[in-house]
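Colleague:
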Amino acid sequence: MKVLVINCGSSSLKYQLFDMNNEEVLSKGLVERIGIEGSRINHYKTGMDKIVIERDIPDHTAGIKLVLDALLHPEHGSLKSLNELSAIGHRVVHAGEKFAFSVKLTEEVINALRECVPLAPLHNPANIMGIEAVTKALPDIPQVGVFDTAFHQTMPKHAYIYGIPYEYYEKHGIRRYGFHGTSHFYVANRAAEILGKPVESLKIVTCHLGNGSSITAVKEGKSVDTTMGFTPLPGVLMGTRCGDIDPAIIPFLAKAEGKDVSEIDNILNKKSGIQGISGVSSDMRDIEEAMDKGNERAKLAYEVLAYGIRKQIGTYAAAMGGIDALVFTAGIGENDFGLRAHICAGLEFMGISVDPGKNDNMRGKEKIISQDGAKVAVMVVPTNEELVIARDTKRLYS
Ligand code: AMP
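Residues in the sequence shown are numbered from 190 upward in steps of one, following our numbering.
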């Protein structure tokens, strides 16, 4: 059974073709700069060199057509005919409170996702464009939606209601939703498998630390709290996003700087975080290089990030009444071994203790990095959201 996974952004489209008989990736790639000059597709067939095709790609429909052509390419493709495709799985960012699980995409479901556009104005329209483009190109192939918010729908009400008048939750759906759910689900379950224990028996804190970062408390396999909220802006410090701040800063800044709300929103999303504090970059590799050269603001950004994550791990241990495993994933979580050690330093009182001999740079590798016999298993688990989407798509269509 072959399943195509699609993750559509406003000007990009990532894809992976899986053979779900053995969960092997046959081909993958990225369509870039859709609707912008210089558009192209980077296509990789497993075991072969990348090919780049530069082509005018005015919209997502043209992007999907190019992906299908690449998959059918006599040399670099992995399909002889599109009839080999059994189903297509889409990443969709926001399903509000409508879907707590992945679902088959019907007209009714797509309309429900359209109703969620005000909750994710940057992401859902692109995700829906991808679904529509596939429907146009392959009207007879079933499609499945897998939602970033779905895993967090198990949060108890006391974890997701904000301290503002309750009518705003009822009228506008203002509550904590959480994001990166597919990633948190994958790494928590994979960590339990590696430990050889049922996920239902564990209290796990999962740290997805990338350009966007979020931390989740996973108790007995369910998300019970997470740091992102109504939007992906709050929580720990991110590349350019501010994370948790005092909301009164917004009207104060608007007045002090003579800016309107959308300008402040832009500052908090695109000019804050590690970039905003350091003034150097949003990328941790640049921050660490600047720190080595003695840059004090880079050091400060690093410290604010590490302190915020450390504090959150303690918060979630308290929320769950303990912690059995601490999992790091995504670009920073998987690669930045120095930061991992720094985050965990001082948490020995909770049974968290990293072994410097095991905590090295090991991109793409699963590893337990805690000291032998430590109470809490500290782990690195590379995330694989595409595999979760492919598995859910297979499950719903088998
Ligand atoms: P992601 O959003 O998961 O792709 O993560 C991207 C981020 O991971 C980049 O912006 C970097 O800050 C970070 N990153 C990637 N590789 C490294 C590395 N070797 N050391 C530190 N940070 C890294």
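Ideal Cβ placement from N, Cα and C applies to all residues, glycine included.
For Y355, count neighbouring Cβ atoms within 10 angstroms of its own Cβ and tell me buried if that reaches 16, exposed if not.
Modeller: Within the sequence shown, numbered from 1, the residue matching residue 355 stands at position 166. Exposed: under 16 other Cβ atoms inside 10 Å.
Colleague: What does DSSP give as the partner residue(s) for K547 in the beta ladder?
Modeller: Residue mapping note: residue 547 aligns to position 358 of the sequence shown, counting from 1. K547 is not bridged to any residue.
Colleague: Taking its Cβ as the centre, do 16 or more other Cβ atoms sit within 10 Å of Y357, making it buried, or is it exposed?
Modeller: Working through the sequence shown from its first residue, we reach residue 357 at position 168. Burial call: exposed.
Colleague: With DSSP as the reference, label K269 as helix, strand or coil.
Modeller: Translated into the one-based positions of the sequence shown, residue 269 becomes position 80. Three-state DSSP puts K269 in coil, outside helix and strand.
Colleague: Give the straight-line distance between the Cα atoms of N548 and G198, rounded to the nearest whole angstrom.
Modeller: As a first step, residue 548 must be located in the sequence shown, where it is residue number 359. As a first step, residue 198 must be located in the sequence shown, where it is residue number 9. Taking the straight line from one Cα to the other gives about 34 Å.
Colleague: State buried or exposed for F538, treating a residue as buried only when at least 16 other CB atoms are found within 10 Å of its CB.
Modeller: For the purposes of this step, residue 538 is taken as residue 349 along the sequence shown, with counting starting at 1. F538 should be labelled exposed.
Colleague: Hey, how far is the Cα of L457 from the Cα of H262?
Modeller: Taking the first residue of the sequence shown as 1, we reach residue 457 at position 268. Taking the first residue of the sequence shown as 1, we reach residue 262 at position 73. Going from the Cα of L457 to the Cα of H262 covers about 44 Å.
Colleague: Between the region 287–302 and the region 327–339, do three or more beta carbon pairs fall short of 8 Å?
Modeller: Taking 8 Å as the limit for Cβ pairs, the verdict is that the region 327–339 does touch the region 287–302.
Colleague: Tell me the start and end of each unbroken alpha helix (DSSP H) in the region 350–412 that is at least 4 residues and wholly inside, in chain order.
Modeller: Complete alpha helix (DSSP H) runs here, min 4: 355–361 and 370–384.
Colleague: Can you tell which of H347, F340, G278 and P310 has the C-alpha that lies nearest to the C-alpha of T324?
Modeller: By 1-based counting over the sequence shown, the position of residue 324 is 135. Looking at the Cα atoms, G278 is the closest of the given residues.
Colleague: Look at the alpha carbon of I299 and the alpha carbon of G540, and state the distance between them as a whole number of angstroms.
Modeller: Against the sequence shown, residue 299 aligns to sequence position 110. Against the sequence shown, residue 540 aligns to sequence position 351. Distance between the alpha carbons of I299 and G540: 46 Å.
Colleague: Decide if the region 300–310 is in contact with the region 215–230; the criterion is three or more beta carbon pairs, one per stretch, under 8 Å apart.
Modeller: Because the criterion of three Cβ pairs below 8 Å is not met, the region 300–310 and the region 215–230 do not touch.
Colleague: Specify the secondary structure class of S471 as computed by DSSP and reduced to three states.
Modeller: By one-based count along the sequence shown, residue 471 stands at place 282. Of the three classes helix, strand and coil, the one that applies to S471 here is coil, per DSSP.
Colleague: State the start and end residues of the unbroken beta strand (DSSP E) segment that holds A566.
Modeller: As a working mapping, residue 566 is identified with position 377 in the sequence shown. A566 to V569 is the extent of the beta strand (DSSP E) around A566.
Colleague: Here's a check: name, in chain order, each residue in its chain whose Cβ is nearer than 7 Å to the Cβ of G553, leaving out the five neighbours to either side.
Modeller: The count along the sequence shown starts at 1 and reaches residue 553 at position 364. If we look at G553 and ignore the five residues flanking it on each side, its Cβ neighbours are P571.
Colleague: Beta-carbon separation of A322 and I253 under 7 Å?
Modeller: Indexing the sequence shown from 1 puts residue 322 at position 133. Indexing the sequence shown from 1 puts residue 253 at position 64. A contact, by the Cβ cut-off of 7 Å.
Colleague: Measuring straight from C-alpha to C-alpha, what distance separates M190 and M209?
Modeller: Translated into positions along the sequence shown, residue 190 becomes position 1. Translated into positions along the sequence shown, residue 209 becomes position 20. Answer to the nearest angstrom: the Cα atoms are 5 Å apart.
Colleague: Can you round the beta-carbon distance between F368 and P421 to whole angstroms, since I take them to be within the 8 Å contact cut?
Modeller: The residue labelled residue 368 in the question sits at position 179 within the sequence shown. The residue labelled residue 421 in the question sits at position 232 within the sequence shown. Contact flag correct, Cβ pair sits at about 5 Å.
Colleague: Note the first and the last residue of the continuous beta strand (DSSP E) segment covering I240.
Modeller: Counting from 1 along the sequence shown, the entry for residue 240 is found at position 51. Where I240 is concerned, the enclosing beta strand (DSSP E) stretches over I240 to E243.
Colleague: Determine the direct distance from the alpha carbon of E575 to that of V543, and round the result to whole angstroms.
Modeller: Looking up residue 543 in the sequence shown gives position 354. Looking up residue 575 in the sequence shown gives position 386. Each residue's Cα considered, the two are about 29 Å apart.
Colleague: Any heavy atom of ligand 1 within a distance shorter than 6 Å of the CB on I521?
Modeller: Translated into the one-based positions of the sequence shown, residue 521 becomes position 332. Yes, the beta carbon of I521 sits closer than 6 Å to at least one heavy atom of ligand 1.
Colleague: Which residue comes first and which comes last in the alpha helix (DSSP H) that contains K234?
Modeller: As a working mapping, residue 234 is identified with position 45 in the sequence shown. No alpha helix (DSSP H) holds K234; the beta strand (DSSP E) holding it covers R229 to K234.
Colleague: Compute the minimum distance between the beta carbon of N400 and the heavy atoms of ligand 1, and state whether it is under 6 Å.
Modeller: For the purposes of this step, residue 400 is taken as the residue at position 211 of the sequence shown. Checking the Cβ of N400 against ligand 1 gives yes.
Colleague: Compare the C-alpha of L398 against each of S372, S559, K408 and V407 and name the closest.
Modeller: What you label residue 398 is simply residue 209 of the sequence shown in a count that begins at 1. For the residues S372, S559, K408 and V407, the minimum Cα distance to L398 belongs to S372.
Colleague: Any idea what DSSP makes of V450, helix, strand or coil?
Modeller: Working through the sequence shown from its first residue, we reach residue 450 at position 261. Residue state, collapsed to three classes: helix.
Colleague: Among L442, S216, M480 and I393, whose alpha-carbon lies nearest the alpha-carbon of A507?
Modeller: For the purposes of this step, residue 507 is taken as the residue at position 318 of the sequence shown. Out of L442, S216, M480 and I393, I393 has the C-alpha closest to the C-alpha of A507.
Colleague: Any idea if F441 is buried or exposed, counting beta-carbon neighbours within 10 angstroms, 16 or more meaning buried?
Modeller: Here residue 441 is taken as the residue at index 252 of the sequence shown, counted from 1. Exposed, because fewer than 16 other Cβ atoms sit within 10 Å of the Cβ of F441.
Colleague: Quick one: measure Cβ to Cβ for H283 and D337, integer angstroms, because I've assumed they're closer than 8 Å.
Modeller: In the sequence shown, the residue the question calls residue 283 occupies position 94. In the sequence shown, the residue the question calls residue 337 occupies position 148. H283 to D337, Cβ: 7 Å. Contact.
Colleague: Hey, would you say A579 sits closer than 7 Å to V192, going by beta carbons?
Modeller: The residue you call residue 579 lines up with position 390 of the sequence shown. The residue you call residue 192 lines up with position 3 of the sequence shown. Against a cut-off of 7 Å, the Cβ pair of V192 and A579 comes out as a contact.
Colleague: Have a look at D481 and K488 and give me their C-alpha separation to the nearest angstrom.
Modeller: As a first step, residue 481 is located in the sequence shown; it is residue number 292 there, counting from the start. As a first step, residue 488 is located in the sequence shown; it is residue number 299 there, counting from the start. In a straight line, the C-alpha of D481 is about 9 Å away from that of K488.
Colleague: Following the continuous alpha helix (DSSP H) through T324, name the residue where it begins and the one where it ends.
Modeller: The sequence position of residue 324 within the sequence shown is 135, counting from 1. Element bounds for T324: N313 to A326.
Colleague: Between the C-alpha atoms of H249 and K234, what's the straight-line distance to the nearest angstrom?
Modeller: Within the sequence shown, the letter at position 60 stands for residue 249. Within the sequence shown, the letter at position 45 stands for residue 234. The alpha-carbon atoms of H249 and K234 are separated by roughly 22 Å.
Colleague: Does the beta carbon of R474 fall short of 6 Å from some heavy atom of ligand 1?
Modeller: Locating residue 474 in the sequence shown gives position 285, where the first residue counts as 1. Checking the Cβ of R474 against ligand 1 gives yes.
Colleague: Which residue wins for smallest C-alpha separation from V335, given the options N196, G483 and S471?
Modeller: Locating residue 335 in the sequence shown gives position 146, where the first residue counts as 1. Checking every option, the nearest Cα to that of V335 belongs to N196.
Colleague: Secondary structure at A284, three-state DSSP: helix, strand or coil?
Modeller: If you number the sequence shown from 1, residue 284 lands on position 95. A284: coil per DSSP, three-state reduction.
Colleague: Have a look at the DSSP bridge pairing and note the partners of K191.
Modeller: The residue labelled residue 191 in the question sits at position 2 within the sequence shown. D208 and L274.
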